[in-house]
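Reading through the structure tokens given below for one structure.
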Ligand SMILES: [Ca+2]
Ligand SMILES: [Ca+2]
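In this note's numbering, the protein residues as written are 908 to 1060.
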């Protein structure tokens, strides 16, 4: 949040209100609150206001990794002959490592094995997953022996 992307300023060779007077953002309704336009008017009447695209809501690459937006520039002919032009903006969201690996199934597994089992016999399979991308989602497993003497006799 608070990240701004400077968009190209629209040009309109007409003067004053007939030139660019405003911008409008179009996005799918389910992501419409994620971005907003910040318009700055600093120049004279024949100078188009500048516009920046800002992140307004929370991003989650695991939910949406790409946003297709369209930014309209409008002129201000109040007599109803208003014109508009647009530019398409594609926002790609890069992954950060914000998910921890999770084991499939229950949070605890229990297995019963005979005491004469040969060393290195496979006794159960476990599977963990991570919603992140690339190295952020690669899962390494290790064994801790903190439960290895749960019921010593
Ligand atoms: Ca991760
Ligand atoms: Ca992530």
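Where a beta carbon is used, it is the ideal one built from N, C-alpha and C, also for glycine.
Compute the distance between the beta-carbons of residue 969 and residue 1004, then report whether it is under 8 angstroms. no
From residue 987 to residue 916, what does the alpha carbon distance come to, in whole angstroms? 23 angstroms
Helix, strand or coil for residue 1059, going by three-state DSSP, please let me know. Because the pLDDT at residue 1059 is just 47, under 50, the model does not fix this residue reliably, and the value given afterwards should be weighed accordingly. Residue state, collapsed to three classes: coil.
Counting only the same chain and skipping the five closest in sequence on each side, list residues whose C-beta sits under 7 angstroms from that of residue 1059. For residue 1059, the predicted structure reports a pLDDT of 47, less than 50, and the residue's modelled location is therefore unreliable. The matter cannot be settled from this model.
Short of 6 angstroms in beta carbon distance, which residues of its chain neighbour residue 980, apart from the five on each side in sequence? Order them along the chain. Correct list, in chain order: 917, 927, 930 and 992.
Exposed or buried, residue 967, counting other C-beta atoms within 10 Å across all chains shown (16 or more means buried)? exposed
State the DSSP-derived secondary structure class of residue 924, mapped to helix, strand or coil. It is helical.
Cβ of residue 1007 within 7 angstroms of any heavy atom in ligand 1? yes
Less than 8 angstroms between the C-beta atoms of residue 995 and residue 973, yes or no? Judged by their CB atoms, residue 995 and residue 973 are not nearer to each other than the 8 angstroms cut-off.
Would you check if the distance between the CB atom of residue 982 and the CB atom of residue 925 is smaller than 8 angstroms? yes
Is DSSP giving residue 936 helix, strand or coil here? helix
Rounded distance between the beta-carbons of residue 963 and residue 940, thought under 8 angstroms: 6 angstroms
When you compare only the Cα positions, how much space is there between residue 1038 and residue 947? Using only the alpha carbons, I get a separation of about 39 angstroms.
Return the first residue and the last residue of the beta strand (DSSP E) that residue 986 is part of. DSSP places residue 986 outside any beta strand (DSSP E), giving it a letter other than H or E.
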